[in-house]
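Take a look at the structure set out below.
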Ligand code: HEC
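Residue numbers (the numbering used here): 789 to 1260.
Now the structure itself:
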């Protein structure tokens, strides 16, 4: 009864808050007009109104999250719990990629702009450069100032919420997918036997440690030595990849590597780039001399972020590729791919600057081919003739059915994962390719090898499939 009452109250608050956003919007529009007309005190009121808007929007988020928590408590232990988690996953994931695209899109665009600026022909003294572009049926002309314009315009667009919301939604996704079900999704007892709470603590703590190390490195004299900074930074990142692979299950290890880089990117925006820009705007408004170092620092962090994008994108899709995270040296595969795709980004950046490099792209491709080579399946051993279905079926009954049946006996899965069951011979035959992929090639099934399948059993399954997956 209590949850239902809570839900009703929260819904009422939510409706009120939404109505308030409309009200605040109209009032703010009036103040905007007054400010435009130069009325006294209008600017202060306008700012006050923006603050109220932020407050109302944050309240909406808080109330919505509370509602989800109440619903979760109501559905916990029922057959709808899994369904709720699935929809949370859908919604949060969709938000995450949407914000992420906006953020990475802006990153690509501005780094492109910076690289492609015309800095020589017909450039006014106060400008760093300009660029003509055509897009969506319109001509655009952009100018970049060397430091700042004489007068800071009233309407200055800031790019920051893309970054903040990408990080926030990513963090929520980490909870929905990995932390809520940490004993199955985060921890692998064969890797390290720790409690779910310890695992979550290590995961979240590692992001903070990574930021402190990276930020320290950026403030050290090393930052002036571009190449050494890159090499040492990369080695440290590889260290993290290795560390994660020794603590978490292989999928979670990959995701944590991406989340670690993503957190550094968001922290760069939050604690370096935006504060530097605020200081620049403030100084320009007050007519004080600008410290060009501020802009340079911000620009450098922004460039680092740009190089992190492709590795992070790879991690985001890596979950679909068990041959990568399922490899015995999964951390090394991740390191090699990170290097390769960052190299590709470097090539693109050089190209935009008009400095076509002969070797960056080929080397990057070679590195990526190296990863493909490393993850190739081993040459299989010889098979005895005619492995019978009975043999294979016995293995599957023993090693898979605890999860993959309509009524799993596993302590974590109460419904068959991905809806996959192996209760009839037909089901097994139908899924033979996937079984080959997950059980034989990448060895990512049984999950965390919870049911202790042996290599011999994996070989038998392979031989049976290779011999045509007969039901005899
Ligand atoms: C401890 C529980 C557990 C056991 C035991 C287990 N699985 Fe899974 N399986 C899962 C989970 C969870 C997923 C979904 C997540 C994933 O794809 O990793 C899954 C997914 C799969 C998939 C991918 C399905 C898809 O839609 O792509 C295949 C194939 C598979 N399992 C085969 C097997 C086989 C064969 C065995 C026995 C040798 C087995 N599993 C044992 C938990 C288990």
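By construction, the Cβ of each residue, glycine as well, lies at the ideal position given by its N, Cα and C atoms.
1. Report buried or exposed for residue 1143, applying the criterion of at least 16 other Cβ atoms within 10 angstroms of its Cβ.
2. Residues in the same chain with beta-carbon distance under 6 Å from residue 779, minus the five sequence neighbours each way, listed in chain order, please.
3. What separation, rounded to the nearest whole angstrom, lies between the Cα atoms of residue 975 and residue 865?
4. At a cut-off of 7 Å, would you count residue 1250 as near the ligand HEC, judging by its Cβ distance to the nearest heavy atom?
5. Quick check on residue 1254: buried or exposed, where buried means 16 or more other Cβ atoms within 10 Å of its Cβ?
6. Taking only runs of the alpha helix (DSSP H) that begin and end inside the segment 1087-1174, which ones reach a length of at least 4 residues, in chain order?
7. Within the same chain, show all residues whose beta-carbon is closer than 6 Å to that of residue 833, passing over the 5 residues directly before and after it, in chain order.
8. Using the C-alpha atoms, what's the distance from residue 938 back to residue 931?
9. Report, in whole angstroms, the separation of the C-beta atoms of residue 935 and residue 1002, which I expect to be a contact under 8 Å.
10. Rounded to the nearest angstrom, how far is the Cβ of residue 1187 from that of residue 1239, given a contact under 8 Å?
11. Does the ligand HEC have a heavy atom nearer than 7 Å to the CB of residue 1185?
12. Say the cut is 7 Å; is the CB of residue 1238 nearer than that to a heavy atom of the ligand HEC?
13. So, with DSSP's three-state summary, where would you put residue 893?
14. When DSSP builds the beta bridges, which residues end up paired with residue 933?
15. Over what stretch of residues does the alpha helix (DSSP H) that includes residue 810 continue unbroken?
16. If you measure between the beta carbons of residue 1032 and residue 1025, is that distance less than 8 Å?
17. Using 8 Å as the cut-off, can you tell me whether the segment 962-969 makes contact with the segment 938-953, which would need three or more C-beta pairs spanning the two stretches below that distance?
18. Whole angstroms are fine: how far does the CA of residue 1159 sit from the CA of residue 1064?
19. Under 7 Å Cβ to Cβ from residue 874, same chain only, skipping five residues before and after it: list those, please.
20. Is the distance from the Cβ of residue 1110 to the Cβ of residue 1129 below 8 Å?
21. On the three-state DSSP scale, how would you describe residue 946?
22. For a test of your reading of the model: does the CB of residue 1226 fall under 7 Å from any non-hydrogen atom of the ligand HEC? Yes or no.
23. Under a three-way DSSP split, which group does residue 922 fall into?
24. Do residue 1047 and residue 995 have their CB atoms nearer than 8 Å?
25. Hey, is residue 1198 close to the ligand HEC, as in C-beta under 7 Å from one of its heavy atoms?
26. Please classify residue 906: does DSSP put it in a helix, a strand, or coil?
27. How about residue 1023: is its Cβ closer than 7 Å to a heavy atom in the ligand HEC?
28. Less than 7 Å between the CB of residue 1269 and some heavy atom of the ligand HEC, yes or no?
29. Could you pull the start and end residues of the alpha helix (DSSP H) that residue 1196 belongs to?
30. Roughly how many whole angstroms lie between the Cα atoms of residue 1067 and residue 899?
31. If contact is defined by three or more beta carbon pairs under 8 Å, each pair taking one atom from either stretch, is the segment 1243-1258 in contact with the segment 1170-1179?
So, from the listed chains and residues:
1. The residue in question, residue 1143, is exposed, as its Cβ has fewer than 16 Cβ neighbours within 10 Å.
2. Outside the displayed range of the chain (789 to 1260) lies residue 779, so it cannot be described from this structure.
3. 21 Å
4. no
5. exposed
6. 1110-1113, 1118-1140 and 1148-1162
7. 819
8. 14 Å
9. With 8 Å as the limit, residue 935 and residue 1002 do not qualify as a contact, their Cβ atoms being about 27 Å apart.
10. 4 Å
11. no
12. yes
13. DSSP places residue 893 in the helix class (H, G or I) of the three-state scheme.
14. Per DSSP, 915.
15. 790-824
16. no
17. no
18. The alpha-carbon atoms of residue 1064 and residue 1159 are separated by roughly 39 Å.
19. none
20. Contact: no.
21. coil
22. Because some heavy atom of the ligand HEC lies under 7 Å away, the Cβ of residue 1226 counts as near it: yes.
23. strand
24. yes
25. yes
26. strand
27. For residue 1023, the shortest C-beta to heavy atom distance toward the ligand HEC is 7 Å or greater.
28. Coverage of the chain is limited to positions 789 through 1260, which leaves residue 1269 absent and any answer about it impossible.
29. Taken as a continuous stretch (DSSP letters only), residue 1196 belongs to no alpha helix (DSSP H), as it is neither H nor E.
30. 22 Å
31. yes
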